[in-house]
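A short write-up of the structure that comes next.
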Amino acid sequence: MQKFSSGTNSESPCDGSCIIDPKTDYCKSCFRTMNEIMEWLSFTYEQRKDVLKKVEARKLSEKNKSDKSHDEN
-7 MQKFSSGTNS
3 ESPCDGSCII
13 DPKTDYCKSC
23 FRTMNEIMEW
33 LSFTYEQRKD
43 VLKKVEARKL
53 SEKNKSDKSH
63 DEN
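In terms of the working numbering, the sequence shown is residues -7 to 65.
Take a look at the structure:
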C-alpha cells in the first residue's frame, strides 16, 4: 500500500499495477473505479474511508464469485 502524506493518514490501496476490468469497471488490483483512483488525492479522510469500505466489499464479492465457480467445477 502506498501512504500519502496529505495529513489524512489514509493509505491508498494502489500497488501501481492498474488494470481496469471492463466487466466490473474496477481496477483488478485495488478494486477502485477509475473515478475513485483519479479523485483519491482530493478526497477527504471520510471519503477515503468510504471508498476503502467499498473496496473491501468488492474484494469479498469477487472472492465469493471465485469460490462459487471453484465449487461448481
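From the three backbone atoms N, C-alpha and C, an ideal C-beta is built for every residue, glycine too.
Can you look up residue i in the DSSP assignment and give me helix, strand or coil?
i     : result
Ser4  : strand
Ile11 : coil
On the DSSP bridge assignment, give the partners of residue i in chain order.
i     : result
Thr25 : Tyr18
Quick check on the burial criterion: 16 or more other C-beta atoms within 10 angstroms. Buried or exposed for residue i?
i     : result
Pro70 : This structure cannot settle anything about residue 70, because the visible part of the chain is limited to -7 through 65.
Glu28 : buried
Cys10 : exposed
- [ ] Could you say if the region 55 to 64 and the region 26 to 41 meet the contact criterion of at least three C-beta pairs nearer than 8 Å?
- [x] no
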